[in-house]
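The block underneath contains the structure these notes are about, expressed in structure tokens.
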Amino acid sequence: MTDLTELTLAEARDGLAGKEFTSSEITNAYLGAIDAANSALNAYVAIGHDKARTMAKASDEKLAKGQGGPLEGVPLGIKDLFATEGDHTQACSRILDDFHPPYESTVTANLWADGAVMLGKLNMDEFAMGSSNETSGYGPVKNPWRAEGATTDLVPGGSSGGSATAVAAGLCVAATATDTGGSIRQPAAFTGTVGIKPTYGRCSRWGVVAFASSLDQAGPVTRTVQDAAIMLKSMASLDLKDSTSADVPVPDFEAAVERGVKGLTIGIPKEYRMDGMSDEIESLWQDGIAMMKDAGAEIRDISLPHTKYALPAYYIVAPAEASSNLARYDGVRYGLRETGKDITDMYEKSRAAGFGDEVKRRIMIGTYVLSAGYYDAYYLRAQKVRTLIKRDFETAFDEGVDAILTPATPSAAFPIGDNERHVDPVAMYLNDIFTVTVNMAGLPGIAVPAGLNAQKLPLGLQLIGKPFDEETLFAAGRVIEKAAGRFTPERWW
Amino acid sequence: MSVDTDTVHRVAHLSRIALKEGEAERMTSELNAILGFVEQLSEVDVEGVEPMTSVRPMAMRLRDDEVTDGGKADDIVKNAPATEDHFFLVPKVVE
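Line by line, the protein sequences give chains A and B.
In case it helps, our numbering puts the first sequence at residues 1 to 493.
In case it helps, our numbering puts the second sequence at residues 1 to 95.
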């Protein structure tokens with residue numbers, strides 16, 4: 001039998017339903033792989049051996065009777081941002097030390113209702129604020145990819161770095177992740193995996209630790225486009241507990257995967273050709289254009305004139321929302337508490353001890369831009385710019401563009417502890433330059449591995465779709481996957 | 001616009017984050033780098049543009065005003081660092 005940890009989600013699902021192996025077998029194979037690899041890669045912050053085995057056993061009883069849901073018996077990794085009842089749920093922050101929610105997030109509840117098995121909780125940047133997984137209170141995650149012939153440890157991207165590494169290194173079949181400015185798509189691009197941020201409102205935010213509520217969306221990281229379609233179908237739902245959850249039908253995404261792009265118009269936005277863009281990214285983008293053309297799509301040059309303002313507007317809107325969302329961590333109702341001489345001193349000391357530097361920076365920026373006298377100049381202006389960014393996309397779609405093709409990231413994965421990005425927070429923020437526009441406009445975006453660079457590190461392309469048209473992204477993403485192939489790291493850990 | 005160290009101390013207090021010795025100086029330059037970066041928004045003409053308030057046009061869903069959940073006092077205080085009889089304990093706030 002092939003190594004069970006190498007199967008795609010579709011293969012695992014079909015193998016389980018066809019009784020080729022049991023959920024207990026594949027779950028134990030993954031637990032063994034995690035136990036062997038986690039000290040090197042640091043992808044998991046909590047491994048639930050007992051819970052996983054119990055869930056697998058329950059799935060096996062259903063599968064034996066020919067019953068079970070669409071994900072029956074499939075072992076998944078869950079980002080630490082999702083509340084799972086009674087388990088480690090800390091958004092990888094020390095301020096939530098010892099927090100064990102007495103409730104379950106809607107997205108994970110949907111996955112368990114469909115039969116999936118939980119392996120454990122995945123590492124991430126603290127409160128999803130980061131692009132390298134280095135802001136985690138649990139230490140950085142290592143990318144399973146290394147440059148050819150090198151031993152330098154690379155970041156897996158962030159904030160969903162644990163999800164991306166776990167999927168790429170064979171430590172779960174697929175993983176949940178979240179994306180506020182690129183946190184699914186950038187790690188997917190850095191690890192040769194597929195990641196989709198669906199349309200805002202497609203997945204419920206209930207029970208997902210909040211960062212920036214008007215931007216946060218859950219989605220999957222997977223090994224293939226088909227797997228992403230299967231995962232999203234199970235994760236998405238209308239949820240009355242989230243007032244922004246969309247009341248639109250969830251289509252059978254998997255059925256759209258092989259639909260192709262013949263007759264579709266793919267837009268190529270000239271503003272994404274940034275000054276100083278590397279040749280390897282430019283040539284990857286050209287390869288992607290050729291793949292679309294070869295598959296019968298029409299290529300059209302388009303303009304999204306407000307693109308360059310998306311990242312600065314994001315760094316007002318996201319910290320502003322974060323500063324108010326994170327006000328709840330006060331040392332009173334849950335998590336870490338330091339002693340103070342009065343209540344304010346207790347708040348200030350608890351928050352100083354519990355939050356890391358990046359989180360503190362963003363809370364303070366947010367507090368500043370929302371403070372008296374600055375609201376109009378910063379927050380209100382940024383929200384107006386956001387309208388203009390959204391309008392750019394609407395114009396392109398109204399003129400007949402079906403999806404937009406761009407690079408996913410401005411570079412391949414960079415080393416852990418990279419000096420330039422640590423001295424200058426803005427240099428780190430530039431990682432999200434191609435992805436953040438999509439969150440600002442609420443649109444769906446998928447990152448698909450499209451090639452390797454000269455150092456043999458994976459690079460990804462991004463496709464951006466119309467609201468609630470993830471199906472076209474799966475179809476177009478599959479065209480790239482078919483042409484470029486799949487990419488698996490060579491094992492060194 | 002840029003901030004000075006006094007402003008950083010004020011914002012830290014508004015954020016309820018205690019700063020360590022020397023932290024305010026480092027934060028001042030980091031916050032100024034970010035504020036310098038977002039400054040480019042001032043060149044955008046936003047005259048007559050409505051601020052974006054939702055990702056897609058939708059009316060807020062309203063539910064019937066009825067009790068749907070509750071009776072979970074144990075759950076609610078379960079994760080608190082200090083409680084007594086279903087109350088959260090905090091340092092004394094009134095003499």
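Ideal Cβ positions, reconstructed from N, Cα and C, are used throughout, including at glycine.
Quantities reported herein were computed from a predicted structural model and do not represent experimental measurements.
Once you ignore the five residues that flank residue i on each side, which residues in its own chain have a CB closer than 8 Å to its CB?
{"i": "Gln455 (chain A)", "result": "Ala147, Glu148, Ala150 and Ala412"}
{"i": "Arg337 (chain A)", "result": "Gly331, Met346 and Ser350"}
{"i": "Asp520 (chain A)", "result": "For residue 520 (chain A) there is no data in the structure shown, the boundaries of chain A being 1 and 493."}
{"i": "Glu70 (chain A)", "result": "Residue 70 (chain A) is actually Pro in this sequence, not Glu. The residues are Arg13, Asp114, Gly115, Ile230, Lys233 and Ser234."}
{"i": "Arg26 (chain B)", "result": "none"}
{"i": "Gly137 (chain A)", "result": "Gln90, Cys92, Ser93, Arg94, Glu126 and Gly356"}
{"i": "Phe397 (chain A)", "result": "Lys466"}
{"i": "Asp97 (chain A)", "result": "Gln90, Gly335, Leu336 and Gly354"}
Just to confirm the assignment, what range does the beta strand (DSSP E) spanning residue i have?
{"i": "Tyr44 (chain A)", "result": "Tyr44 to Ile47"}
{"i": "Ile404 (chain A)", "result": "Ala403 to Pro407"}
Can you tell me where the alpha helix (DSSP H) with residue i in it begins and where it stops?
{"i": "Gly36 (chain B)", "result": "Glu23 to Val38"}
{"i": "Ala377 (chain A)", "result": "Premise fails: Ala377 (chain A) is in no alpha helix (DSSP H) and is neither H nor E."}
{"i": "Leu14 (chain B)", "result": "Thr5 to Leu14"}
{"i": "Thr367 (chain A)", "result": "Asp357 to Leu370"}
{"i": "Phe414 (chain A)", "result": "Counting along the chain, Phe414 (chain A) falls outside any alpha helix (DSSP H), and DSSP gives it neither H nor E."}
{"i": "Asp478 (chain A)", "result": "In the sequence as displayed, the identity of residue 478 (chain A) is Arg instead of Asp. Glu470 to Ala484 is the span of the alpha helix (DSSP H), which, as asked, contains Arg478 (chain A)."}
{"i": "Thr8 (chain A)", "result": "Segment: none, Thr8 (chain A) is in no alpha helix (DSSP H) and carries neither H nor E."}
Report the three-state DSSP secondary structure of residue i (helix, strand or coil).
{"i": "Ile76 (chain B)", "result": "helix"}
{"i": "Arg13 (chain A)", "result": "helix"}
{"i": "Glu47 (chain B)", "result": "coil"}
{"i": "Ala352 (chain A)", "result": "helix"}
{"i": "Leu457 (chain A)", "result": "coil"}
{"i": "Thr83 (chain B)", "result": "strand"}
{"i": "Gly465 (chain A)", "result": "strand"}
{"i": "Leu430 (chain A)", "result": "helix"}
{"i": "Gly170 (chain A)", "result": "coil"}
{"i": "Thr176 (chain A)", "result": "strand"}
{"i": "Thr193 (chain A)", "result": "coil"}
{"i": "Leu62 (chain B)", "result": "coil"}
{"i": "Pro425 (chain A)", "result": "helix"}
{"i": "Phe88 (chain B)", "result": "strand"}
{"i": "Ile17 (chain B)", "result": "coil"}
{"i": "Glu394 (chain A)", "result": "helix"}
{"i": "Val510 (chain A)", "result": "Shown here, chain A extends from 1 to 493; a query on residue 510 (chain A) therefore has no answer."}
{"i": "Gly498 (chain A)", "result": "Residue 498 (chain A) falls outside the range modelled here, since chain A spans only 1 to 493, and no answer is possible."}
{"i": "Thr165 (chain A)", "result": "helix"}
{"i": "Leu326 (chain A)", "result": "helix"}
{"i": "Asn385 (chain A)", "result": "The identity of residue 385 (chain A) in the sequence shown is Val, whereas the question assumes Asn. Note: Val385 (chain A) maps to helix in three-state DSSP."}
{"i": "Glu20 (chain A)", "result": "coil"}
{"i": "Met1 (chain A)", "result": "Low confidence applies here, because Met1 (chain A) scores a pLDDT of 49, under 50, leaving its location unreliable; read the following figure in that light. It is coil, neither helix nor strand."}
{"i": "Asp345 (chain A)", "result": "helix"}
{"i": "Glu95 (chain B)", "result": "coil"}
{"i": "Glu420 (chain A)", "result": "helix"}
{"i": "Ser42 (chain B)", "result": "helix"}
For residue i, which residues does DSSP report across the bridge?
{"i": "Arg185 (chain A)", "result": "According to DSSP, which records beta bridges pairwise, Arg185 (chain A) is partnered with nothing at all."}
{"i": "Val448 (chain A)", "result": "A:Leu461"}
Got a sec? Which residues, its chain only, sit under 6 Å from residue i by beta carbon, not counting five neighbours each side?
{"i": "Ile47 (chain A)", "result": "Ile34 and Gly120"}
{"i": "Ala228 (chain A)", "result": "Val194, Ile196, Pro220 and Thr222"}
{"i": "Ala58 (chain A)", "result": "none"}
{"i": "Leu311 (chain A)", "result": "Ile433 and Val436"}
{"i": "Ile369 (chain A)", "result": "Checking the displayed sequence, the identity of residue 369 (chain A) turns out to be Val instead of Ile. Cβ within range, chain order: Ile316, Ala320, Tyr378 and Tyr379."}
{"i": "Ala24 (chain B)", "result": "Thr5, Val8 and His9"}
Within a Cβ cutoff of 7 Å, which residues of the same chain sit near residue i, ignoring the five residues on either side of it in sequence?
{"i": "Leu81 (chain A)", "result": "Ala91, Met124, Ala128, Thr178, Val208 and Val209"}
{"i": "Ala52 (chain A)", "result": "Thr27, Leu31, Pro75, Val117, Met118 and Leu119"}
{"i": "Leu41 (chain A)", "result": "Val141, Lys142, Pro144, Thr165, Ala169 and Trp493"}
{"i": "Glu500 (chain A)", "result": "Since the displayed chain A opens at 1 and closes at 493, residue 500 (chain A) lies outside it and no answer follows."}
{"i": "Ala427 (chain A)", "result": "Glu420 and Arg421"}
{"i": "Asp392 (chain A)", "result": "Leu304, Pro305 and His306"}
Using a Cβ cut-off of 7 Å, pull out every chain E residue sitting near residue i, in sequence order please.
{"i": "Asp75 (chain B)", "result": "Of the protein chains in the structure, A and B, none is chain E."}
**Asked** In the stretch 197-277 of chain A, which residue ranges form an unbroken alpha helix (DSSP H) of at least 4 residues, counting only runs that do not cross its ends?
**Response** 225-235 and 253-256
**Request:** Jot down the residue ranges of each uninterrupted alpha helix (DSSP H) in the stretch 22-95 of chain A, minimum 4 residues, whole runs only, in chain order.
**Result:** 23-41 and 49-64
**Message:** Extract the residue ranges of the alpha helix (DSSP H) inside the stretch 88-158 of chain A, only unbroken runs of 4 or more that lie entirely within it.
**Reply:** 106-113
**Prompt:** Taking only runs of the alpha helix (DSSP H) that begin and end inside the stretch 270-321 of chain A, which ones reach a length of at least 4 residues, in chain order?
**Reply:** 279-294
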